[in-house]
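Notes to accompany the following structure.
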Amino acid sequence: MSDSIFSAEYADRRAQVPRGIPLIVALQGLSDAGGAISQLEEYLWERCKPEVIVRFNTDLLLDYRSRRPVITFENDHFTDYEPEELTLSLAHDELGSPFLLLSGFEPDYRWELFIDTVLLLVHEFEVSITAWSHAIPMPVPHTRPISMTVSGSREDLIEARSAWRPNTKLSASAAHVLEYRLHSLGEEVAGLALLIPHYLASTEYPEALYAALDGLMAATGLIFATDDVRARARTFTEQVDAQISENHESLEMVRTLEKRYDTYMEDHETRSPLISDDGSLPSADQIASELERFLAQQRGPGDFGYPEAPGDPGPDSDEAAPDHGE
């Protein structure tokens, strides 16, 4: 087995990649509330027909015992084996514009080597901007548009779209570190942290996919088809609304979250969406503790599902989350 971090088998393809195009990063990592990134990766592979140009060495980067690959057994023998993959691919948007896609598992090992390699590839392909997204559960209502925290070098995006701007420490992902390194080097980079309703965090939430696509389009100038996604989001929202309407406690919870959200939108520069009805604001330590508690949760062996929603709805709220289904 080679000790190289990626295979050299696609050298010819790499040579033909156009320069100066965007890079989208969609890594399956620590935080994926609403299944936002798993949906995004599936969407991009189905709609944008990526062609692999770099395949990273799984043996060097993956902890197989924490994320075991899938193998198929039929009657008396094994018929198929699906190892985890981490690749860089060339893809095209709805109008045929090219972009690079870094997708697959988040490395368990050798982060510095992996990130240094990505930085070299960014330089090689003269990437115009690197954009990535992740999603965290927050006490926000599903009846309002998904808010986000925007980070990186794009001041226009931060000013126009960043709804929550905390000062905190959190458990880093490989994508966080990649963004930090890119920004430090003066490269264009945009990170989109989607704020997903905590009571929908463990579902496959179509609105999360739409928010991710919308943010990535704004960051990169690429065009992605969203009609089907928005239709699925409307159907899902109708189902959630119907279930919540049958539960008084859940209905009151959503109304409370709506009040906080609307108050925040009236003056987002001075108010937080977490402000209570009495005007009290959780301390920075309280917000940091809640965020770190979720991000510190580690996936157990054999767990291929989405992260669980937090144990409580968030600061100043003790309502129970509604039970909902697909």
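The letter at position 231 of the sequence shown is residue 231 when you use full-length UniProt numbering, and the numbering goes up by one with no holes.
Glycine residues also receive a C-beta, built at the ideal position from the N, C-alpha and C atoms.
Helix, strand or coil at residue i according to DSSP, with G and I counted as helix
{"i": "H142", "result": "coil"}
{"i": "A8", "result": "coil"}
{"i": "Q16", "result": "coil"}
{"i": "D262", "result": "helix"}
{"i": "D267", "result": "coil"}
{"i": "D3", "result": "coil"}
{"i": "T79", "result": "strand"}
First through last residue of the alpha helix (DSSP H) which encompasses residue i
{"i": "H58", "result": "Before going on, a small fix: residue 58 reads as Thr here, not His. Where T58 is concerned, the enclosing alpha helix (DSSP H) stretches over T58 to L61."}
{"i": "A36", "result": "A36 to R47"}
{"i": "I244", "result": "D227 to S245"}
Residue i CB to nearest heavy atom of the ligand PLP below 7 Å
{"i": "V122", "result": "Ligands displayed in this structure: none; no statement on the ligand PLP is therefore possible."}
Contact belief for residue i with residue j at Cβ below 8 Å, rounded distance in angstroms
{"i": "I115", "j": "S89", "result": "About 18 Å; that fails the 8 Å criterion."}
{"i": "Y210", "j": "R181", "result": "About 29 Å separates the two Cβ atoms, so there is no contact after all."}
{"i": "G104", "j": "Q28", "result": "7 Å"}
{"i": "D32", "j": "S66", "result": "That pair is no contact at about 16 Å."}
{"i": "W111", "j": "A174", "result": "6 Å"}
{"i": "S153", "j": "E188", "result": "5 Å"}
{"i": "E94", "j": "F224", "result": "6 Å"}
{"i": "A208", "j": "G96", "result": "Wrong, their Cβ atoms sit about 27 Å apart, outside the cutoff."}
Boundaries (first-last residue) of the beta strand (DSSP E) holding residue i
{"i": "R55", "result": "E51 to R55"}
{"i": "E74", "result": "V70 to E74"}
{"i": "I24", "result": "L23 to Q28"}
Under 8 Å between C-beta atoms of residue i and residue j
{"i": "F99", "j": "L222", "result": "yes"}
{"i": "A233", "j": "P197", "result": "no"}
{"i": "A36", "j": "S151", "result": "no"}
{"i": "Y81", "j": "I71", "result": "yes"}
{"i": "I244", "j": "S128", "result": "no"}
{"i": "residue 333", "j": "T130", "result": "As shown, the chain starts at 1 and ends at 326. That puts residue 333 outside it, with no answer to give."}
{"i": "Y43", "j": "V140", "result": "no"}
{"i": "L192", "j": "M138", "result": "no"}
{"i": "A190", "j": "A219", "result": "yes"}
{"i": "V240", "j": "H142", "result": "yes"}
Within the region 83–133, note down every full beta strand (DSSP E) run reaching 3 residues or more, in order along the chain. With a minimum length of 3 residues, the continuous beta strand (DSSP E) runs that stay inside the region 83–133 are 86–92 and 98–105.
Segments of 4+ residues assigned as alpha helix (DSSP H) that fall wholly inside the region 131–205: 155–161 and 174–184
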